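Under the working numbering, the residues of the sequence shown are numbered 83 to 321, in order.
Beta carbons: idealized from backbone N, C-alpha and C, even for Gly.
Keep in mind that this is a model prediction, so the values were computed, not measured.
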Amino acid sequence: MLDSSRIEYLTGRDERQLVTLANGQRLHRDVIAPLSQLQRAAADAGFDLQVVSGFRSFERQRAIVNAKASGERAVHDDAGSVVDLDVMTPLQRLHAILRFSALPGASRHHWGTDLDVYDAAAVPDDYAVQLVPEEVAADGVFGPLHAWLDSRMARDASFGFYRPYQSDRGGVAVERWHLSYAPLARQCEHELTPEVVVSVWSQALGDEDEAWRVLAEDSLDQLFERYVTVPEDWCPGPV
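Printed below as a string of C-alpha cells:
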C-alpha cells in the first residue's frame, strides 16, 4: 500500500522533488544530471537539446481536460484538424481528448521524469514549438535531432532516456518528442493504478469536472489500459 505522500507525488500534487531549469521548466531533481549528460552529447553532435515541457501539475492537467471537455479549447485529430465534439457521443468525446491529453492524475508529466524536447539550434529564438509529427519527421525541422536520439537509444547510450510513446497502440498518439527517464519512471508507472487515481479524484475534483469524470470512472480500467499503460519493452532493462 502506498503512503499518502507517494500518492500525492505520483498524481502531480507534490512538487517538493522538482528543480527549475534556466528556461523555467521543472523536472525531478534526479533527472537533472543525466539530462545534462544527454545535452552535452547532443551539443557535441551539433544539437541544442532543450526542454519545452517538463513537470505538469494535477491542477494544470485538470484545467486542460476541462477546457477541452467544455469546448473552450480545441481538440485535434491525428492530422491536426479540429474535431467537432458536438457530433460525438460522450464516450467518443472522451477518447478524442485522451488521444493527446492525459487524465488528471494519470499523466507521466506529473512525475518530473518525462519531458518534451526540441533542437533550439534548428530554429529562430522566436519559434513556437508545436510538438506535432511534422516537426519530428525525417524531413522535419527537428528530424536530425531525433535521428541522433534514435541511434543513441539503439546503443543504450541515451543516459537512461527513452520514448514511452514510440508506437501507436490505439491510445496515446506517437510522440517522438516525449522522453522519459527510465530509472525513475519505471517505478512510477508500476505504482500508478486506477485505484490511486480514483482516490485522488474523490478528494480533488468537483462539479466542474462532471463533463468527463463519471464516464471516466465507469470505464477507468479500460481507459487506463489504453491511454496510461505503456509497453513493457519501451526501454531496456528489467521490468
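- Residue 191 and residue 269 have their C-alpha atoms some 14 Å from each other.
- Within the same chain, and ignoring the five residues on either side of residue 155 in sequence, the residues whose Cβ sits closer than 8 Å to its Cβ are 146, 149.
- The beta carbon of residue 124 sits closer than 6 Å to those of 131, all from its chain and outside the five residues before and after it, given in chain order.
- With contacts defined by Cβ atoms closer than 8 Å, residue 89 and residue 281 form a contacting pair.
- About 18 Å separates the beta carbon of residue 237 from that of residue 258, a gap too long to meet the 8 Å contact definition.
- Judged by beta-carbon spacing, residue 225 lies beyond the 8 Å limit of residue 214, meaning their Cβ atoms are not closer than that value.
- Contact between the stretch 197-217 and the stretch 301-316 is not established, with fewer than three Cβ pairs separated by less than 8 Å.
- Residue 293 and residue 178 have their C-alpha atoms spaced approximately 14 Å apart.
- Checking the DSSP bridge columns, you'll see residue 309 has no partner listed.
- Under the 8 Å Cβ criterion, the stretch 166-186 does not count as touching the stretch 110-119, having fewer than three qualifying pairs.
- Linking residue 171 to residue 250 through their CA atoms gives a straight-line distance of about 23 Å.
- Between residue 308 and residue 252, the C-beta spacing is below 8 Å.
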